[in-house]
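S.K.:
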Amino acid sequence: MSQAEAAVVPRRTSPLWTFGLLRSELVTTFRRWRTLALLAVLAAVPILVGIAVKIETSDGSGGRGGGPAFITQITNNGLFLVFTALAATLPFFLPMAIGVIAGDAIAGEANSGTLRYLLVAPAGRTRLLLTKYATTMAFCLIATLVVAVSALAVGALLFPLGDLTTISGTRISFAEGLGRALLIALVVTASLIGVAALGLFISTLTSSGIAAMATTVGLLITVQILDQIPQLHALQPYFFSHYWLSFADLMRDPVYWHDLIRNLGLQALYAAVFGSAAWARFTAKDITA
């Protein structure tokens, strides 16, 4: 083979190199002060909710009611603080954090001038895009677990633990309750895959990380508002946020699977549509930065 022919033979990407790229992305993402600040805010939400409930019920009145379905059960069992914290953070705090990470994934690299250098390595645009999406999903999981673990720690400190009563009125053991809490955390993580794909797509449309993050968060807020307008009831089942709180059905006995399955299917659809759009845009994009 001549030197000219060898020059046009594409290099094969080693799986170890791919793993190294993913590891590098994970380390870079979780070392940023912005990421740590987002995780700190998420960890603080269960602390504030737990303290507020403790103060409200300190006189033994049981509180005034209202709020998420689990909040009235917190004083009886601190494990319910996990469910309440996830219900409180899922509509805004968690998706906002995901929007920031996903929106900055490609646009932030372009803005800092490092995107061209990443593409010089034998990764390819598709592999780089998948790595960015995998990193965003890893943040989804870590962020959800941060909320859950923080809530469990605060609930154990401020309230009693033990067997708990499901929404259906049946009793389950504390160990089974922990298992359901973990399953709920995984469902919440899966509920954010559509938002992650949407943010990644927006990130491929601009070279400004701030613009991509702001646009993603703005769309999240807009969809949440539209989901509350009664006149749009025919469209609301297609909004990615419509079935987010269906994870509460995991605390029924037996579990209601209908809305849970619809939520996961809808998230998969959003991930497929916006993931494909991100790939089409990124692979055809003229990288100048």
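By the count of this note's numbering, the sequence shown reaches residue 320 at its end, each step adding exactly one.
Where a beta carbon is used, it is the ideal one built from N, C-alpha and C, also for glycine.
(1) Taking only runs that begin and end inside the region 105-172, name each unbroken alpha helix (DSSP H) of 4 or more residues, in chain order.
(2) Would you mind listing the alpha helix (DSSP H) stretches within the region 226-282 that are 4+ residues and don't spill past its ends, in chain order?
(3) State yes or no: is the C-beta of TRP275 within less than 7 Å of the C-beta of LEU110?
(4) Going straight from the alpha carbon of ASP258 to that of ALA265, what length do you get?
(5) Measuring only the C-alpha atoms, how far is LEU112 from ALA315?
(6) Going by DSSP, name the residue or residues bridged to ILE203.
(7) Check whether the region 276-293 and the region 167-176 are in contact - that is, three or more C-beta pairs closer than 8 Å.
(8) Consult DSSP for LYS85 and reduce its assignment to one of helix, strand or coil.
(9) Spatial neighbours of PHE321 within its chain, please: CB distance less than 7 Å, with the 5 preceding and 5 following residues excluded, ordered by chain position.
(10) Flag this pair as touching only if the region 197-205 and the region 217-229 have three or more C-beta atom pairs under 8 Å; answer yes or no.
(11) Assuming LEU231 contacts THR167 under a Cβ cut-off of 8 Å, what Cβ separation, rounded to an integer in Å, is found between them?
(12) Who are the near neighbours of VAL304 in its chain, counting only those whose CB is closer than 8 Å to its CB and skipping five residues on each side?
(13) Leaving out five residues on either side along the sequence, give the residues of the same chain with a beta carbon under 7 Å from the beta carbon of VAL286.
(14) Compute the Euclidean distance between the alpha carbons of ALA242 and THR220, then round it to the nearest angstrom.
(15) Less than 7 Å between the beta carbons of ASP284 and THR197, yes or no?
(16) What separation, rounded to the nearest whole angstrom, lies between the Cα atoms of PHE313 and GLY210?
(17) Within the same chain, show all residues whose beta-carbon is closer than 8 Å to that of LEU53, passing over the 5 residues directly before and after it, in chain order.
(18) Can you tell me whether SER272 is buried or exposed? The criterion is at least 16 other CB atoms within 10 Å of its CB, across all chains shown.
(19) Can SER238 and ALA141 be called in contact, C-beta distance under 7 Å?
(20) Have a look at ALA308 and VAL76 and give me their C-alpha separation to the nearest angstrom.
(21) CB-CB under 8 Å to GLY306, same chain, minus the five flanking residues each way: which ones, in chain order?
(22) Cα-Cα, which of VAL218, VAL248, GLY240 is closest to LEU297?
(23) Taking just the CA atoms, how far does ILE82 sit from ALA187?
(24) Which word fits PHE50, buried or exposed, when buried means at least 16 other C-beta atoms lie within 10 angstroms of its C-beta?
(25) For GLY139, which residues of its own chain have a beta-carbon under 8 Å away from its beta-carbon, when the five flanking residues on both sides are left out?
(26) What does the alpha-carbon distance come out to for the pair GLN262 and ILE129?
(27) Out of CYS171, ASP194, MET127, which has the shortest C-alpha to C-alpha gap to ILE105?
(28) In or out: LEU214 buried (at least 16 other Cβ within 10 Å) or exposed?
M.R.: In short, the structure shows the following:
(1) Qualifying alpha helix (DSSP H) stretches, in chain order: 111-120, 124-143, 146-151.
(2) With a minimum length of 4 residues, the continuous alpha helix (DSSP H) runs that stay inside the region 226-282 are 240-257.
(3) Start at 1 with the first residue of the sequence shown, and residue 275 comes out as number 244. Start at 1 with the first residue of the sequence shown, and residue 110 comes out as number 79. Taking 7 Å as the cut-off, the beta carbon of TRP275 is found no closer than this to the beta carbon of LEU110.
(4) For the purposes of this step, residue 258 is taken as the residue at position 227 of the sequence shown. For the purposes of this step, residue 265 is taken as the residue at position 234 of the sequence shown. Cα to Cα, ASP258 sits roughly 10 Å from ALA265.
(5) For this step, residue 112 is matched to residue 81 along the sequence shown. For this step, residue 315 is matched to residue 284 along the sequence shown. Across the structure, LEU112 and ALA315 are spaced so that their CA atoms are roughly 47 Å apart.
(6) Along the sequence shown, read from residue 1 onward, the residue named residue 203 stands at position 172. ILE203 pairs with LEU195.
(7) In short, these stretches do not touch, since the Cβ pair count stays below three.
(8) Against the sequence shown, residue 85 aligns to sequence position 54. It is helical.
(9) The displayed coordinates of the chain run from 32 to 320. Any statement about residue 321 would go beyond what the structure contains.
(10) Cβ pair count under 8 Å is below three, so no.
(11) Within the sequence shown, the letter at position 200 stands for residue 231. Within the sequence shown, the letter at position 136 stands for residue 167. About 7 Å; that satisfies the 8 Å criterion.
(12) Within the sequence shown, numbered from 1, the residue matching residue 304 stands at position 273. Once the five neighbours on either side are set aside, the close Cβ partners of VAL304 are ALA228.
(13) Taking the sequence shown and counting its residues from 1, one reaches residue 286 at position 255. Correct list, in chain order: ASP280.
(14) Your numbering for residue 242 matches position 211 in the sequence shown. Your numbering for residue 220 matches position 189 in the sequence shown. So the alpha carbons of these two residues sit roughly 25 Å apart.
(15) The residue given as residue 284 occupies position 253 in the sequence shown. The residue given as residue 197 occupies position 166 in the sequence shown. Contact: yes.
(16) To locate residue 313, count along the sequence shown from 1; it is residue 282. To locate residue 210, count along the sequence shown from 1; it is residue 179. Cα-Cα distance, rounded: 40 Å.
(17) Sequence index remark: in the sequence shown, residue 53 carries index 22 (1-based). Non-local C-beta neighbours of LEU53 in its own chain, meaning closer than 8 Å and more than five positions away in sequence, comprise THR162, ALA165, THR166, ordered along the chain.
(18) Translated into positions along the sequence shown, residue 272 becomes position 241. Buried: at least 16 other Cβ atoms inside 10 Å.
(19) As a position in the sequence shown, residue 238 is number 207, starting the count at 1. As a position in the sequence shown, residue 141 is number 110, starting the count at 1. It is a contact, given that the beta carbons lie within the stated cut-off.
(20) What you label residue 308 is simply residue 277 of the sequence shown in a count that begins at 1. What you label residue 76 is simply residue 45 of the sequence shown in a count that begins at 1. Take the alpha-carbon of ALA308 and the one of VAL76: they are about 34 Å apart.
(21) The residue labelled residue 306 in the question sits at position 275 within the sequence shown. The answer, listed in chain order, is TYR164, ALA228, LEU231, PHE232.
(22) Counting from one through the sequence shown, the residue named residue 297 turns up at place 266. Comparing alpha carbon positions, the residue from VAL218, VAL248, GLY240 closest to LEU297 is VAL218.
(23) The residue given as residue 187 occupies position 156 in the sequence shown. The residue given as residue 82 occupies position 51 in the sequence shown. In this structure, the CA atom of ALA187 is about 12 Å from the CA atom of ILE82.
(24) One-based indexing of the sequence shown puts residue 50 at position 19. Exposed, since its Cβ has fewer than 16 Cβ neighbours within 10 Å.
(25) Looking up residue 139 in the sequence shown gives position 108. Non-local C-beta neighbours of GLY139 in its own chain, meaning closer than 8 Å and more than five positions away in sequence, comprise SER234, GLY240, ALA243, ordered along the chain.
(26) Within the sequence shown, the letter at position 231 stands for residue 262. Within the sequence shown, the letter at position 98 stands for residue 129. Cα atoms of GLN262 and ILE129: separation of roughly 29 Å, rounded to the nearest angstrom.
(27) For this step, residue 105 is matched to residue 74 along the sequence shown. Selected option, being the one with the closest Cα: ASP194.
(28) By one-based count along the sequence shown, residue 214 stands at place 183. Under a 10 Å Cβ-count criterion, LEU214 is classified as exposed, with fewer than 16 other Cβ atoms of the shown protein chains found around its own Cβ.
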